[in-house]
Amino acid sequence: MQVLHAINGMLHTPIVPGEKTFKKGQSLHYINGYATERPLKLVGDIWGAEPVTKRQQEAALSSPKWDPSSTLPKWVENDRKVLRFYGYLKESVAECRLENHRIRKVVIYYYLSDDTMHVAEPKKDNSGLPQGVFVKRHKMTKEDGSPFTPKDFALGQTVDVYGRKVFLIDCDDFTREYMTSKMGVQVGESLQCTTDPIEVYQAAYKRKETGIPPNPRTDDLTRFLEAKLGKPPNVLEEDRLQQFLENNRRVLRFWCLWDDRTSLYGDRRPYVLHYFLEDDTGEILEVNENNSGRDPFPIFLKRGPLKKEQAAFMSVTNRTYKDQCYCPEDFRLGSSVHIQNRSFLIHDCDDFTRRWYMENLGLPEEALRSLDTTEPIPPCAKSALPPHNDYGTLEDTQQNCLSLLPKPPKKNFHKLMNKDSIVLRFRARMLETDRFKLSVADRDRKFIISYFMADDTISVYEPPLRNSGIIGGKFLERSRIFKPSSEEAYSCCDLYYGATIVIHRRSFELLEADEFTYTYMENNRHVFVMADTDALMRSLQKQVSGREDEVRTCFINVDTDGTGCLSMSELEAALEKANFKFTKHQAVALGRRMDKDKSGQIDVEEFLTAIGVTAADAPEKSDANEVSNTEVDK
């Protein structure tokens, strides 16, 4: 009351001349966004003798400066502002042939004035569901007990509303602009809603219900009833006569692979896919491989429509529609097709298929190139065999490791029958090594080493020598001889004139061979490299290039008697003097080749011509002979 009397007294105060402001002062002020009465502060006693001027009244009643945008209460500033999000939730449906799950579209409203929200489900005709308000408006909390805020809503995320998972897919324009400009939050791009199986069924049902009598070619029930009453099948099915006439005997053929290695005993198996253009059917044939271990079943899938996936429910007539099957546009090299829960990788096609795709579908030639599906064969892991236990032969020890019931090692009967009488014989002598020192008597001992081609065995025989003090005869029983510190036995290629072999820690040098051995090795030059004179001649021709005069001089100097012929030993000495790379056996084989009359003499000019030293490169023969005769006289 005191304040009201004071205000009434001020209103009847006369207007002072010269003053131009006549606005009323504000008697309210805001605390925490709410208007409250401000206590009046007057100068002096309003009931006393001292008068109150208008300036003093305005100074007492003038309101402080304030910003309305920052002092408005939240329910005033955000009044009628609602954020709206669109989403859906998925419910499972049991014991229904039309659908196994249901998509329910909902709208989430978030009221900015008091941070409340409610969830509504738009009503649909003939849905059979109690739609409308899904959750009433109130302050909802998350799983952790904290309330929802606008920042908890983003497109592409799932919101848990009391155990119901709502997937957000879109929002209105006001919500997108408000969250971007006011809150600085990007809500994301709009998404598409998942297809509802019942909506697909209803759309197909509405397409059939056109108001006219159903056509047996498009309606399953009508086709079933017409067929039951005896109507011919060609009338009930779709007319494909034109397609048959245009594409008769036209078949697309693809080669594909089915990788079944993820299952037990699975493998990569090849197949052939045939697609018949005349009736849009296909078949899959199995390619039988040798030693595959599988029974030959040529037809993997009999001819029929190639369904993309198994239908969720069966129709009345069990008919397969065209859009549910594979067509030529679905087959591409490098892509996979899923038929009967199996994934087939298409990697090649025939020439007719390539031409058909290029002419009818306009595919480039690069897209129809075959793919390389070969995989590197991993090396087979082999277990190491234990060392020889000195019982029996090495083959017996290996047979004990290959099976639980040991069998005698198999012999090479072809080799036994064809090479039974072939024996390579060499004359040899013992060599002194660091481990075995030779006595005076051992230095003169001679041996005959025989190599039996039938079973790769070696025997050593020592001819008896009179007054030597050593009993001759059999030095080593016929057996297989292995190389030092190895399980590899000596072969026929390891024995040649000049070679050194180790037999039971004793070294033998092969000095020469018999005539049969030389002849046999020369007739089998593809096996015995040291007897290949053609390879030796090519090697000598390369070595003599650029040094023809030097080579000719060496051969002339070796021919001390000036006859123009060399013996076997002289030929070897001449080759060695000319610094040629060769072995003793090669020198003997070359001499036997050049000695055509079997006289034991090799013509020098003929030999030099054979290795590429022509007569034009030679110095004067008379001068050479004079030099040779002078040396002989000396």
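Each residue of the sequence shown is one higher than the one before, counting from 386 in our numbering. Backbone N, C-alpha and C fix where the C-beta goes; we use that ideal spot for every residue, glycine too.
Practice item. Please work out which residues of its chain come closer than 7 Å, Cβ to Cβ, to ARG891, disregarding the five sequence neighbours upstream and downstream, and give them in chain order. Key: MET815 and PHE821
Check your understanding: Whose C-alpha, out of GLY719, GLU484, LYS707 and LEU468, is nearest the C-alpha of LYS475?
Key -> GLU484
Review point. If you scan the stretch 746–813 from start to end, which runs of the alpha helix (DSSP H) of 4 or more residues do you find wholly inside it?
Key: 779–787 and 798–803
Exercise for review: Out of GLY573, LYS536, ALA766 and VAL551, state which residue places its alpha-carbon closest to the alpha-carbon of VAL520.
Suggested key: VAL551
Point to revise | Contact set for PRO683: own chain, Cβ-Cβ below 8 Å, skip 5 residues either direction | key: LEU670, GLU671 and ASN673
Review point. Which first and last residues belong to the alpha helix (DSSP H) in which ILE979 is found?
Key: The amino acid at residue 979 is misidentified as Ile; the sequence shows Met. Where MET979 is concerned, the enclosing alpha helix (DSSP H) stretches over 969–979.
Check your understanding: Leaving out five residues before and five after PRO848 in sequence, what residues of the same chain have Cβ atoms less than 7 Å from its Cβ?
Key -> LYS831, ILE833 and GLY857
Exercise for review: Report the residue from PRO713, ASP917 and VAL845 whose alpha carbon sits nearest the alpha carbon of ALA974.
Suggested key: ASP917
Practice item. Can you say whether THR526 is buried or exposed, counting buried as having 16 or more other CB atoms within 10 angstroms of its CB? Key: exposed
Review point. Which residues does DSSP pair with ARG549 in a beta bridge?
Key: VAL546
Check your understanding: Using a Cβ-Cβ cut-off of 6 Å (strictly less than) and excluding sequence neighbours within five positions of GLN928, which residues of its own chain qualify?
Key -> PHE965
Exercise for review: Grab the span of the beta strand (DSSP E) containing MET525 for me, first residue to last.
Suggested key: Per DSSP, MET525 belongs to no beta strand (DSSP E) and is neither H nor E.
Exercise for review: On a CA-only basis, which of LEU956, ALA959, PRO582 and ARG810 is nearest ARG482? Give me that one, please.
Suggested key: PRO582
Check your understanding: Roughly how many angstroms lie between the CA atoms of TYR650 and GLU760, to the nearest whole one?
Key -> 18 Å
Review point. Within 10 angstroms of its Cβ, does GLU957 collect 16 or more other Cβ (buried), or is it exposed?
Key: buried
**Study point:** Nearest-angstrom Cβ-Cβ length linking LEU1042 and VAL845, presumed shorter than 8 Å
**Key:** No information on residue 1042 is available, as it lies outside the stretch 386 to 1019 that the chain covers here.
**Study point:** Between the CA atoms of TYR471 and GLY548 - distance to the nearest angstrom
**Key:** 18 Å
Practice item. Check each candidate in HIS970, LYS981 and PHE837 and name the one with the smallest Cα separation from ASN803. Key: PHE837
Check your understanding: How about the stretch 865–881 and the stretch 905–921: do they share at least three Cβ pairs that are nearer than 8 Å?
Key -> yes
Practice item. Grab the span of the alpha helix (DSSP H) containing LYS508 for me, first residue to last. Key: Per DSSP, LYS508 belongs to no alpha helix (DSSP H) and is neither H nor E.
Review point. DSSP state of SER831, grouped into three classes?
Key: For the record, residue 831 in the displayed sequence is Lys; it is not Ser. DSSP places LYS831 in strand when its eight states are reduced to three.
Review point. Are three or more beta carbon pairs between the stretch 725–736 and the stretch 637–648 nearer than 8 Å?
Key: yes
**Study point:** Residue of LEU951, ARG978 and ARG977 minimising C-alpha distance to ASP988
**Key:** LEU951
**Study point:** Anticipated Cβ contact below 8 Å, TYR494 with ARG469, distance rounded
**Key:** 6 Å
Check your understanding: Just how far apart, CA to CA, sit ASP665 and PRO690?
Key -> 7 Å
Practice item. Counting only runs of 4+ residues fully inside the stretch 548–592, write out the alpha helix (DSSP H) ranges in chain order. Key: 558–566
Practice item. Please say whether PHE538 and VAL546 have beta carbons closer to each other than 8 Å? Key: no
Exercise for review: Below 7 Å CB to CB, which residues in the same chain sit around GLU663 once its five sequence neighbours on both sides are set aside?
Suggested key: GLN628, PHE629, ASN632, ASN633 and ARG635
Review point. Of the choices ALA752, THR904, GLU900 and GLY883, whose alpha-carbon is the least far from that of GLU894?
Key: GLY883
Check your understanding: To the nearest angstrom, how far is it from the Cα of ALA766 to the Cα of CYS786?
Key -> 16 Å
**Study point:** Buried or exposed (CB count within 10 angstroms, at least 16 for buried), TYR776
**Key:** exposed
Check your understanding: For LEU789, does the count of other Cβ atoms within 10 angstroms reach 16, so buried, or fall short, so exposed?
Key -> exposed
Check your understanding: Since ILE1040 is in the alpha helix (DSSP H), which residue starts that stretch and which ends it?
Key -> For residue 1040 there is no data in the structure shown, the boundaries of the chain being 386 and 1019.
Review point. Which partner residues does LEU658 have in the DSSP bridge list?
Key: PHE639 and ILE669
Review point. At what residues does the alpha helix (DSSP H) containing THR1049 begin and finish?
Key: No statement about residue 1049 is possible, as the shown extent of the chain runs from 386 to 1019 and does not include it.
Point to revise | Identity of the residue in HIS523, PHE798 and GLU584 nearest ASP840 by Cα | key: PHE798
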